[in-house]
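Counting in the numbering used here, the sequence shown runs without a single skipped number right up to 1207 at its last residue.
C-beta atoms are modelled at their ideal positions from N, C-alpha and C, and glycine is treated no differently.
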Amino acid sequence: MAGGNGIRMDAEAVEALKALAGALPEATEMVQQAKINLESSFEEKKECLGPHTSDIQTILETVSDAQAQGHSSVVKLQAKLVQAAAALQAIIDKGITVK
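So this is what it looks like as structure tokens:
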């Protein structure tokens, strides 16, 4: 059922919110692993990169900073999704409907 604001108010919507929240840690881990692989690859090959080594190092630092900020945002998003699922479940449990 869709509420007046377009929000689905059923168990399927609650499960969708929970699934999104549950998928975020895995996605964050994949980004972290990709960053580690990139850094490792750089360390292995930096002797061959010549004058571009410092530029690539700067880029890697930028990637690391972005990943850290992204992780923080993902943690906040995950908490909000869990809260939204709980709030929606509470509405459903009370039998409140919006037409």
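query, result
"Identity of the residue in S1149, A1127, D1118, K1143 nearest A1187 by Cα", "A1127"
"Residue burial classification, A1121 (beta-carbon count within 10 angstroms, cutoff 16)", "buried"
"C-beta atoms of L1132 and V1190 nearer than 8 Å", "no"
"For L1196 and L1146, believed in contact at Cβ under 8 Å, the rounded distance", "With 8 Å as the limit, L1146 and L1196 do not qualify as a contact, their Cβ atoms being about 39 Å apart."
"8 Å CB neighbourhood of Q1175 in its chain, flanking five on each side removed", "V1139, Q1140, K1143"
"Boundaries of the alpha helix (DSSP H) in which E1169 is found, first to last residue", "1161-1201"
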